[in-house]
Each structure stands twice: as structure tokens, then as C-alpha cells.
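Residue numbers (the numbering used here), protein chains in the order written: chain A, 77 to 145; chain B, 879 to 1370.
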């Protein structure tokens, strides 16, 4: 499942370029300006994506021992 | 003295006591003093790195920018996420190399990687310069809290001197251990206070979030979305270039780089890449405080925007609770302030001075580092009292400096480093020179090159310096590599 790491490209793309497509105050989403809500959603998704990558990364199989590749 | 001030001073005193006790009879070698003997587990590394993120910069600066600049403040929420994504792959190789080579500092790292003590001295010098505005903003935060809490009875000048003295004392006595333990207390307090205020203000003053944002939109249309191109700070291109600049620079701070070495295992960093983005959501509540103040405390302009959160608190709560908020604010300045002071004095003694005179003994360096802490604090006090810049602008200035290390760092982690030591040196010097020039002349791309299209004019000048840095590094590396190749062929 090495290909799962490519998911890490999504947060930078969404935050840097996606924001341009959602750049408005209205409609309010979750009570927040649209563009702020977009960024918040991506902060949360970043965490989820990193958790997925962590789970499938063979480097993390050896517990907390450290320098395994 | 009112009860708010009493609580604020008690918190400061408590921080000092914890800091002094944390030393716990350990002998203070330089490595012990700066990287805690390389034995901190995940939680402490988490707290140390988070301790640097949640500084006065976030608490007062973040709310101040939300209040005074609107959508521009969103960059603060965005850049951390990108930095954490990068950290998953960037930090483990740095940590491994540092452990293997017993590296204790960022300049040391660069000097080893490029086999160039001169490069180490340069990195140390730039690091100290970049840390000064970071220290200045912590002092500035302390000054705001204490003087606003006293209704001006304690001048902000006096408040800055008191705060600087406390930071200097516990740094001198306990080094990094003091910061780690006080950091625990402070993180809990700031989390609770920021979340409470971010929920309370909008509900209390507006009856809800939607109501608050509708009211702000009616009063200042478009303030909470990015501006049209050509608007400079707060435009889309400014946001993009600033997020890139600060995300790449996130771990380039000498003290953040130094905190990496305190980890026991590289796994810590990968796990932190999952948790830290969520921790960042505290910022959202900080923004809400600034937004709530827009219509309730109008008229704070220039660097006074940093007072918005605290002024609104005083208008809203009983003095004892203002004291609790102030205490949280003071701790968010003291803890990172002490980390920064440790980093700056160690850099100067161990990497700059010893870099110039390699025969200096370990004891002399350790003694000099401690002796330098008050001196650097004095320099920062001087700049703090000059005033004029908002907290966020100060940090962005620091970022523009430290991000100049990124190209050389990235190159050094590659199997075949495309950058030579001359390339790295030239790139950093040119990048830093541009930042200094832009800062002193207050230039933007709009004033340097008025013929450019509006989108390009919005680029953060620090990011422009980074691009020039990359080009110079590349060209000089190519030239020196070719010269070396010719010399080898010629010599053979």
C-alpha cells in the first residue's frame, strides 16, 4: 500500500489552491464564513490522512524502537 | 493592585518555581541544558513543539490579526497543517543524522552535512537574528497583558522589564527542563481559556456564530474572505505565498530544530503529524475572540490591534477571571520566551563564537551561553520598546529569515546533494540580504516592480527572497561543481 502516501498531496493542494474556489463569506457553513470552513475541514482531513498513512507505513511496524526503514 | 494583577503575578511566580524545581539536581552539561539529554518521550516533545506553536503569537497576535486584518489571519490556521504533512518525512532523517553524529544544534547540523564550519557560523548568525523578533513579540505580549490589566497603572515598559527578568532567571537556572514542565501547565490553561472565550464571546455578544458573522459581514462586507488581487496582505496570492513560506520555515527555527533532538525515537514525529493538526484547531477559537471584538471594541488600529482579545475580556468579566486570562497569556509568553532565549544564547555561544574560535572549551561555552541570556534579553527589550509592528508582522519577519535555510536543508537530505557548500552559503546570504533590505526599506513587490501584474505584486517578499535563494544556490552549486571537476581533471 505504498501508493497511499500520495494522499499527502491533497491537503497542500486543497489549502493552497482549493481555497481560491471557496473564497467567499457566504453561505456560512457550520456558522462560519465559507472559506474559513473550507480550511477547517482540511485541517481535520489532514489529521485523518496522516493517520491513514501512518497505519500503512511499514516504517511504523517496529513499535517505538526507532530507526527502521 | 487589583485582583487581576495579583493572579497574573502569582502565575508568573509559580512558573518560576516550577522552572527552578524542574532542574531536579541534575548536573548541567551543555547537552543537558539544551536538549534535555536527548531523553524526552512523545508527550514532552509534543508539549515542547506545541509550546512553541501556542505562544503569545497565537493568543494575542492571532486574535489581533483576526480583528484588524480579517481573512489574512487564516494563514495561521493553514500553514501548520502543511508543515505537519511535511514533517512526517522531513523530521525522521534529520533526527537520525543528529543522533548518529551527536549533533546538538542547527548550525552544527549544517556544518556537518556540508563539511563547512563557515556555513555553521552563518546559520548561527542568521538564527540569532531571526530569533530576536520572535523574542520581541513575546515581550510585547507580556507588556500588553500586564499594562492593560492594570488599566495603565503599570506601564507597558515596566511590564516588559519584569517579564524579561523572570524569563532570564529561570532560563539561567534550569535550561530546557524548566520550559518542558511549565509548558505542561501553560498548555492546559491556554487550551481551556482560548476555547472558553471563543465560545463565550460570540454567544454572549451576538447570540451565536452565524449571527456574529452576519453582523460583521453587514458592517464590513468581504472582510472575512480573501481580498481581490493587488490588495497585498489578505489577498489570495499573499495567502498562498505566506502559507508556503511559513510552512517550509516551520521547522527551520533554531529552537524548533533543537526541540527535535530531544526526542527518544523517530516514531514520535510521525505520530505527532497525526495529532498536531487537530491541536491547531484551538486557533479557530482564538480567531472567534478577535472577530467578536471587531464590533465591540472598534477603533484599535496599527499594532494596538493586538490588544483586542484582552480589552474585550476586561469589558466582559470580573477582575478575578481577567486575572486567569492574563495568567494564561503571561505563560504563553514566558514558556516560548524561555525556549527562544535558550536557543539564541546557545546559538551565539556554541555555534557562532565557538565556530569562530574552535579551541574554546566546553565549560567556557556553557558558561558563556548562560551569561549571554541576559544580554540577548536586553537587546530584545530594546527592540520591544521601539514598538510599531504588530505581533504577527514580527513573526512573519522572523519566518522570512529562517525559511532561507530550507533549500540547503532539503538538498542535504538527498542521496546526491545537488547543492555545494558554496551554493548553500551564497543562497542563504542573498536570501537574508533581500529580507533585511525589504524590512528596512519597507518595500513590497508593488514598490520594487510596479510594472508586474497585480497577482505577482501580492507575493510575500520573504517568499520572493526564497525563490532568489533557490536560483542563486543552484547557479553557484553548478559553477563550483564544474570548477571542482575541471580542477580535478586538470590536476590528473
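Glycine residues also receive a C-beta, built at the ideal position from the N, C-alpha and C atoms.
Answer yes or no: do residue 1290 of chain B and residue 1105 of chain B have a C-beta to C-beta separation smaller than 8 Å? In the second chain, the residue the question calls residue 1290 of chain B occupies position 412. In the second chain, the residue the question calls residue 1105 of chain B occupies position 227. No, the pair does not count as a contact, with Cβ atoms beyond the cut-off.
If I follow the unbroken alpha helix (DSSP H) through residue 894 of chain B, where does it start and stop? By 1-based counting over the second chain, the position of residue 894 of chain B is 16. Per DSSP, residue 894 of chain B belongs to the alpha helix (DSSP H) from 881-899.
Over what stretch of residues does the alpha helix (DSSP H) that includes residue 964 of chain B continue unbroken? Indexing the second chain from 1 puts residue 964 of chain B at position 86. Run containing residue 964 of chain B: 952-978, per the alpha helix (DSSP H) assignment.
Could you confirm whether any beta carbon from chain A is found closer than 8 Å to the beta carbon of residue 1152 of chain B? Within the second chain, residue 1152 of chain B is the residue found at index 274, counting from 1. Yes, because at least one Cβ of chain A sits closer than 8 Å to the Cβ of residue 1152 of chain B.
According to DSSP, simplified to helix, strand and coil, what is residue 1320 of chain B? Along the second chain, read from residue 1 onward, the residue named residue 1320 of chain B stands at position 442. In the structure shown, residue 1320 of chain B sits in coil (DSSP, three-state: anything other than H, G, I, E or B).
Boundaries of the alpha helix (DSSP H) in which residue 114 of chain A is found, first to last residue: What you label residue 114 of chain A is simply residue 38 of the first chain in a count that begins at 1. Start and end: 110-132.
Nearest by alpha-carbon distance to residue 1008 of chain B: which of B:1191, B:1131 and B:1244 is it? Here residue 1008 of chain B refers to the residue found at position 130 of the second chain. Here the closest residue by C-alpha is B:1131.
When DSSP labels each residue in this structure, what does residue 915 of chain B get in the three-state scheme? As a first step, residue 915 of chain B is located in the second chain; it is residue number 37 there, counting from the start. Caution applies to residue 915 of chain B, whose pLDDT of 49 falls short of 50 and renders its modelled position unreliable; the model cannot decide the point.
For a test of the three-state rule: what should DSSP assign to residue 1343 of chain B, helix, strand or coil? Here residue 1343 of chain B corresponds to residue number 465 of the second chain, with the count starting at 1. Note: residue 1343 of chain B maps to helix in three-state DSSP.
Chain B partners of residue 104 of chain A, CB-CB under 7 Å? As a first step, residue 104 of chain A must be located in the first chain, where it is residue number 28. Around residue 104 of chain A, the beta-carbon contacts reaching into chain B at under 7 Å are 1088 and 1091.
Mapping the DSSP letters down to three states, classify residue 137 of chain A as helix, strand or coil. As a position in the first chain, residue 137 of chain A is number 61, starting the count at 1. Residue state, collapsed to three classes: coil.
Anything in chain B within Cβ reach of residue 107 of chain A, meaning under 9 Å, just list it in chain order. In the first chain, residue 107 of chain A corresponds to position 31, counting from 1. Correct list: 1080, 1086, 1087, 1088, 1089, 1090 and 1091.
As a quick exercise: from B:1315, B:1014, B:999 and B:952, pick the residue whose alpha carbon is nearest that of residue 1269 of chain B. Translated into positions along the second chain, residue 1269 of chain B becomes position 391. Measuring from the Cα of residue 1269 of chain B, the nearest candidate turns out to be B:1014.
List the residues that DSSP assigns as beta-bridge partners of residue 1299 of chain B. Along the second chain, read from residue 1 onward, the residue named residue 1299 of chain B stands at position 421. The partner list for residue 1299 of chain B (beta bridge, DSSP) is empty, contrary to what the question assumes.
Hey, how far is the Cα of residue 1313 of chain B from the Cα of residue 1350 of chain B? Numbered from 1 along the second chain, position 435 holds the residue referred to as residue 1313 of chain B. Numbered from 1 along the second chain, position 472 holds the residue referred to as residue 1350 of chain B. When rounded, the distance between both Cα atoms is 15 Å.
Would you verify that the beta carbon of residue 1369 of chain B is, or is not, closer than 8 Å to some beta carbon of chain A? Locating residue 1369 of chain B in the second chain gives position 491, counting from the first residue. For residue 1369 of chain B, the pLDDT reaches just 47, beneath the cut-off of 50, and the residue's location in the model is therefore unreliable, although a value from the coordinates is still provided. Cβ-Cβ to chain A under 8 Å: no for residue 1369 of chain B.
Which chain B residues sit within Cβ distance under 8 Å of residue 127 of chain A? The sequence position of residue 127 of chain A within the first chain is 51, counting from 1. Those are 1152, listed as they occur along chain B.
Taking only three categories from DSSP, how would you classify residue 1105 of chain B? One-based indexing of the second chain puts residue 1105 of chain B at position 227. Reduced to three states, the DSSP call for residue 1105 of chain B is strand.
Is the CB of residue 112 of chain A under 8 Å away from at least one CB in chain B? Residue numbering aside, residue 112 of chain A sits at position 36 when the first chain is read from its first letter. Output row for residue 112 of chain A: interface = yes.
Best match in B:979, B:1278 and B:1329 for proximity to residue 1129 of chain B [C-alpha to C-alpha]: Start at 1 with the first residue of the second chain, and residue 1129 of chain B comes out as number 251. When each option's Cα is compared against that of residue 1129 of chain B, the closest is B:1278.
Is residue 87 of chain A buried or exposed, if buried means 16 or more other CB atoms sit within 10 Å of its CB? What you label residue 87 of chain A is simply residue 11 of the first chain in a count that begins at 1. Classification for residue 87 of chain A: buried.
Can you list the residues of chain A that residue 1100 of chain B reaches, using a CB-CB cut of under 7 Å? Within the second chain, residue 1100 of chain B is the residue found at index 222, counting from 1. Result: 101.
Can you list the residues of chain B that residue 80 of chain A reaches, using a CB-CB cut of under 9 Å? Position 4 of the first chain holds residue 80 of chain A. Residues of chain B passing the Cβ test: none, with the nearest at roughly 12 Å.
For residue 1352 of chain B versus residue 886 of chain B, is the C-beta distance shorter than 8 Å? If you number the second chain from 1, residue 1352 of chain B lands on position 474. If you number the second chain from 1, residue 886 of chain B lands on position 8. Not a contact, by the Cβ cut-off of 8 Å.
So, is the C-beta of residue 1149 of chain B closer than 8 Å to a C-beta in chain A? By 1-based counting over the second chain, the position of residue 1149 of chain B is 271. Interface residue, yes.
Could you confirm whether any beta carbon from chain B is found closer than 8 Å to the beta carbon of residue 134 of chain A? One-based indexing of the first chain puts residue 134 of chain A at position 58. Answer no: the Cβ-Cβ gap between residue 134 of chain A and chain B never drops below 8 Å.
In whole angstroms, give me the CA-to-CA distance for residue 1169 of chain B and residue 1086 of chain B. For the purposes of this step, residue 1169 of chain B is taken as the residue at position 291 of the second chain. For the purposes of this step, residue 1086 of chain B is taken as the residue at position 208 of the second chain. Their Cα atoms are separated by approximately 12 Å.
Exposed or buried, which one is residue 1116 of chain B when buried takes at least 16 other CB atoms within 10 Å? Counting from one through the second chain, the residue named residue 1116 of chain B turns up at place 238. When all chains shown are included, residue 1116 of chain B counts as buried.
How big is the Cα-Cα spacing for residue 1067 of chain B and residue 937 of chain B? To locate residue 1067 of chain B, count along the second chain from 1; it is residue 189. To locate residue 937 of chain B, count along the second chain from 1; it is residue 59. Roughly 12 Å separates the two Cα atoms.
Run through chain A and tell me which residues come within less than 8 Å of residue 1155 of chain B, C-beta to C-beta. The sequence position of residue 1155 of chain B within the second chain is 277, counting from 1. Result: 119, 120, 122, 123 and 126.
Consult DSSP for residue 145 of chain A and reduce its assignment to one of helix, strand or coil. Residue 145 of chain A sits at position 69 when you count from the first residue of the first chain. Residue placement at residue 145 of chain A is flagged as unreliable, the pLDDT there being 38, under the threshold of 50; the coordinate-derived value follows with that caveat. In the structure shown, residue 145 of chain A sits in coil (DSSP, three-state: anything other than H, G, I, E or B).
Tell me which same chain residues have a C-beta within less than 8 Å of the C-beta of residue 1093 of chain B, skipping the five on either side of it? The sequence position of residue 1093 of chain B within the second chain is 215, counting from 1. The residues are 1084 and 1173.
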